[in-house]
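Asker: Take any residue in the sequence shown, count from 1 to its spot, add 23: that is its number in the working numbering.
Note that CB positions come from ideal geometry on N, CA and C, so glycine has one too.
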Amino acid sequence: MKELKIQTSRLQIRHLRISDLEDFHIYRSNPEVTKYQGFDVMTSKEAEAFIQENAIHYFGEPGQWIQYAIENNETKKIIGDCAIKLDSYDPRIAEIGITISHLEQQKGYAKETLLGIMKFLFEEKDIHRIVEIVDAENEASIKLLESTGFRREGHFIENIFFKGKWGSEFQYAMLQKEWKKL
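#1: Terminal residues of the continuous alpha helix (DSSP H) containing K166?
#2: Going by the CB atoms, is the gap between I121 and T136 shorter than 7 Å?
#3: Tell me V154's beta-bridge partners as DSSP assigns them.
#4: Leaving out five residues on either side along the sequence, give the residues of the same chain with a beta carbon under 7 Å from the beta carbon of I101.
#5: Could you name the residues that DSSP lists as bridge partners for I140?
#6: Does T66 pass the burial test, meaning 16 or more other C-beta atoms within 10 Å, or should it be called exposed?
#7: Is the Cβ-Cβ distance between E196 and V154 less than 7 Å?
#8: Taking the Cβ atom as the reference point for each residue, do L198 and R152 lie within a distance shorter than 7 Å?
#9: Smallest Cα separation from L27: which of K148, H178 and G190?
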């Protein structure tokens with residue numbers, strides 16, 4: 024199978040590699056970075072196992088989250104990671120997620136990553152719909168989604184027991200035809 028590669032002006036989205044471990048662990052072990060994520064802080068061993076597990080999966084496997092590195096073209100270091108999951112019942116629907124290192128936030132990388140993934144999914148893979156689930160308290164992610172044209176479709180109140188407490192989430196989505204109008 025072919026490795027995924029998405030190129031943007033400053034970034035490359037690609038498979039995780041064991042050589043990414045040090046940079047990956049720096050932000051994946053930070054509680055502020057993992058605060059709204061579906062994962063908790065990782066030890067170095069957990070991070071290594073996670074990279075090894077994701078390295079064997081390829082885009083296009085319905086129902087499976089696959090995590091990819093976000094590499095800075097200039098430094099050749101990863102500045103975060105992102106995930107894509109095709110719906111297990113209808114692979115024309117995708118869900119995505121993005122994590123940017125605390126050392127690289129506020130530089131426009133999340134938006135560049137999101138737009139790169141959207142372009143890839145809608146224009147190259149002919150995906151019909153992209154969905155994003157976000158913690159209702161995650162203001163940065165909400166702003167990002169709304170700034171790229173995602174529409175809020177749902178508000179789920181205390182629908183998830185998350186990191187020791189009940190949390191609420193928003194569901195955002197965009198259709199391919201909406202993307203084409205942007």
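Answerer: With the given structure in hand:
#1: E162 to S170
#2: yes
#3: E118 and A196
#4: D43, D46, F47, A92, I93 and E94
#5: None, per the DSSP bridge assignment.
#6: exposed
#7: Reading off the sequence shown, one finds Ala at residue 196, where the question assumed Glu. Yes, these two residues count as a Cβ contact at 7 Å.
#8: yes
#9: K148
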